[in-house]
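See below for the structure under consideration.
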Amino acid sequence: MLNKILPVAVSAVALAALSACGSGSAAAPGSSGAAAGGDAIVMGFAQVGAESGWRTANTKNVQESAKTAGIELKFSDAQQKQENQIKAIRSYIQQKVDVIAFSPVVETGWDTVLLEAKRANIPVILTDRAVDSEDKTLYKTFLGSDFVLEGKKAGEWLVENSKGESAVNVVELQGTTGAAPAIDRKEGFAEAIKAAPQIKVIASQTGDFTRSGGKQVMEAFLKSNPDIDVVYAHNDDMGLGAIEAIEAAGKVPGKDIKIITVDAVHDGMQALADGKISYIVECSPLLGDQLMDLAKKVVAGESVPERVVTEETTFTQEQAKTALPQRKY
Ligand code: GZL
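The opening residue of the sequence shown carries number 3 in the numbering used here; numbering runs sequentially from there.
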């Protein structure tokens with residue numbers, strides 16, 4: 003299946019030259035798999051890492067969806083390091099994959115490698131997280147959540163549940179420094195709590211989206227802030243780490259200190275059902291099927307929306323108890 007639509011201006015001579023030296027298909031440069039006359043589309047996927055329950059659920063889902071879609075997946079785990087993701091993307095360019103998909107660990111520093119992919123005629127799909135590139139031609143689409151809205155939902159729940167309180171001291175466990183979900187969830191939450199001036203963020207620090215990071219930062223917060231009422235954690239894993247620190251300090255999570263998190267992975271939902279977490283804003287990792295559908299369209303040269311926002315909801319303790327048995331991750 004010729005997946006690279008050759009520029010119509012290509013002359014007959016150029017086409018003859020291509021077929022004379024290639025496999026007979028006049029595939030554009032930067033193509034392998036289906037674009038070179040093979041059967042399966044080849045996708046290079048540069049994953050962030052395996053830092054959280056969300057990430058491992060996302061990886062499993064992408065791999066399963068690729069298999070179902072008949073797409074050959076080349077997969078790399080960057081251990082949360084941008085230089086490893088850039089190396090992986092360069093390797094996919096060298097291998098002439100048909101399409102590259104990745105979740106940028108941080109928003110900045112991608113223009114150079116994305117320009118290399120563009121010059122190699124390899125379309126790029128952003129999945130999960132965004133980049134801050136001004137040049138929107140560097141990628142075909144961004145599939146992922148609205149992280150500002152997620153932060154707003156968390157803040158709105160706290161405003162709703164702080165009525166009558168004279169002072170509400172919040173400590174914030176931020177995600178990876180420079181990552182789109184960390185920047186946006188912080189922004190959305192801060193915006194929402196403006197409606198209730200008695201709510202104050204008294205400390206905010208990154209726990210890098212990991213359980214151990216959340217625990218370490220929460221231990222420090224507990225030592226330096228005697229009156230913490232609420233933890234706002236940018237993901238379940240840091241919230242679960244905070245629970246360990248709170249219990250080690252002899253306090254009761256969900257009672258002495260309320261915890262609000264984002265994601266709704268199984269362990270978070272279990273802690274919510276058990277009353278240790280008070281509220282969870284869902285962020286779905288199940289992007290695989292949409293990603294593969296977008297990849298097929300992009301490789302076939304079809305137009306796709308610049309932005310695809312994923313559907314997601316929120317959970318209270320009662321809703322978590324009901325939802326848990328059906329959860330896929
Ligand atoms: C959000 C995703 C975040 C999750 C974390 O879409 O990028 O990264 O909220 C994960 O759990 O580490």
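Glycine residues also receive a C-beta, built at the ideal position from the N, C-alpha and C atoms.
Neighbourhood of residue i by C-beta, 8 Å cutoff - its chain only, sequence neighbours within 5 removed
i, result
"Thr-212", "Glu-53, Ser-54, Asp-239, Met-240 and Gly-243"
"Ala-132", "Pro-106, Glu-109, Phe-144, Gly-146 and Ala-182"
"Tyr-331", "Gly-55, Ala-59, Lys-62, Asn-63, Val-267, His-268, Pro-287 and Leu-288"
"Thr-316", "Lys-155, Trp-159, Tyr-281, Ile-282, Val-283 and Glu-284"
"Lys-120", "Val-126, Thr-139 and Leu-140"
"Ala-90", "Gly-46, Ala-48, Ser-78, Ala-80 and Phe-104"
"Ala-222", "Gln-207"
Selection from the options that minimises the alpha carbon distance to residue i
i, options, result
"Pro-327", "Val-99, Gly-190, Met-271 and Gln-176", "Met-271"
"Glu-314", "Tyr-141, Val-301, Ala-297 and Leu-289", "Leu-289"
"Glu-136", "Lys-89, Leu-116, Tyr-281 and Ala-192", "Leu-116"
"Gly-46", "Ile-185, Thr-324, Pro-125 and Ile-201", "Pro-125"
"Val-312", "Gly-51, Leu-151, Ile-259 and Ser-164", "Val is not the amino acid found at residue 312; the sequence shown has Thr there. When only C-alpha atoms are compared, the closest one is Leu-151."
"Ala-302", "Asn-123, Trp-112, Gln-87 and Glu-66", "Asn-123"
"Ala-235", "Ala-198, Pro-199 and Asp-186", "Asp-186"
"Asp-130", "Phe-104, Val-219 and Asp-79", "Phe-104"
Per DSSP, the bridge partner or partners of residue i
i, result
"Asn-171", "Lys-202"
"Ile-102", "Gly-46 and Val-126"
"Phe-317", "Ile-282"
"Lys-253", "Answer is none; Lys-253 lacks a bridge partner."
"Gln-207", "Leu-175"
"Thr-263", "Ile-282"
Start-to-end residues for the beta strand (DSSP E) that takes in residue i
i, result
"Leu-145", "143–146"
"Val-310", "309–311"
"Ala-235", "232–235"
Residues near residue i by beta carbon distance below 7 Å, same chain, minus five either side
i, result
"Asp-229", "Asn-171"
"Ala-72", "Reading the sequence as shown, one finds Gly at residue 72 and not Ala. Ala-42, listed in sequence order."
"Ser-93", "none"
"Trp-112", "Pro-106, Val-133 and Ser-135"
"Ala-198", "Val-161 and Ser-164"
Other residues of its chain near residue i: CB distance less than 6 Å, five sequence neighbours each side excluded
i, result
"Val-2", "Within the shown structure, residues of the chain are numbered from 3 to 331, placing residue 2 beyond reach of any answer."
"Lys-83", "none"
"Ala-322", "Met-271, Leu-274 and Ala-275"
"Gly-128", "Per the sequence presented here, residue 128 reads as Leu, with Gly not at that position. The residues are Tyr-141 and Phe-144."
"Lys-217", "Gly-243, Glu-246 and Ala-247"
Where the alpha helix (DSSP H) containing residue i begins and where it ends
i, result
"Val-219", "213–226"
"Gly-108", "A quick correction: the sequence has Val, not Gly, at residue 108. Element bounds for Val-108: n/a, residue is neither H nor E."
"Ile-185", "182–194"
"Glu-162", "149–162"
"Gln-328", "First-last for Gln-328: undefined, no H or E at that position."
In chain order, each alpha helix (DSSP H) run of at least 4 residues that lies wholly inside the stretch 39–97 | 55–71 and 84–96
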